[in-house]
Amino acid sequence: MLERFYPSFVYSSVIDIPYSLFEKNGIKAVIFDMDNTLVNSKYIYDEKVKIWLKDLKEKGIKVCILSNTPNYKKVEQIGKELSMPYLHRALKPWSFGFKKALKILNEPKESIAIIGDQVFTDVYGGNRFGIKTILVEPIDKNEFFITKMKRPVERLVIKKYKERVESKG
Ligand SMILES: [Mg+2]
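In case it helps, my numbering puts the sequence shown at residues 5 to 173.
Below you can see the structure in the form of structure tokens.
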């Protein structure tokens, strides 16, 4: 039953993901969560993230921000600074925003992955929608209470995921 919460891949942060992962898995387009995936709680991103994204785009991978935040101005600002299309009020894990992202990216679902820090919105949403899912650790631990409440369950899911991967050898 936990399967729907399992990510396809797990990394510490966006910049730890090797570009070869996309090539090996036929990923031609990547949807990015914004808060705590690309930027911290003060909407600041690491310069290394900007460079990583630039290199990714130069390798021909299409990108897009898909954020649940209602704060259009912030998503617009980050999208422009990082030179990527952006969508706010995505309503992840529901398919509403994913469908919009699909139109922007114009690739089949099997060639798309989402990268995000939350199991219940990014991973579960991506799995429901039928794309690959990459879970990263949240940049910042200074989160809303409701998000914090979900973390122990996320840890359980990650633990189970790792056990499964290890048992497969
Ligand atoms: Mg997030």
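Even for Gly, the Cβ is constructed at its ideal location relative to N, Cα and C.
ASP39 has VAL43 as its beta-bridge partners, per DSSP. As for any beta strand (DSSP E) of minimum length 3 sitting wholly inside the segment 42-92, the runs are 66-70, ordered along the chain.
One Cα belongs to ASP121, the other to TYR15, and the distance between them is close to 10 Å. If the five residues before and after THR125 are omitted, its C-beta is found closer than 7 Å to the C-beta atoms of ASN72, LYS96 and PRO97, all from its own chain and listed in chain order.
Measuring C-alpha to C-alpha distances from PHE100 to each of CYS68, SER24, GLY129 and TYR76 identifies GLY129 as the nearest. Relative to ligand 1, the beta carbon of ASP59 is positioned no closer than 7 Å to any heavy atom. Proximity of the beta carbon of GLY120 to ligand 1 is indicated: a heavy atom of the ligand is located closer than 7 Å.
Uninterrupted alpha helix (DSSP H) stretches at least 4 residues long and entirely within the segment 103-172 occur at 128-133 and 149-172, given in chain order. Short of 6 Å from the beta carbon of LEU70, and not among the five residues preceding or following it, lie these beta carbons of its own chain, in chain order: ILE35, LEU91, ALA94, GLY101 and ALA105.
In this structure, the alpha-carbon of GLU51 lies about 14 Å from that of ILE143.
Boundaries of the alpha helix (DSSP H) around TYR23: 23-28.
Between ligand 1 and the CB of ASN44, the shortest heavy atom gap is not smaller than 7 Å.
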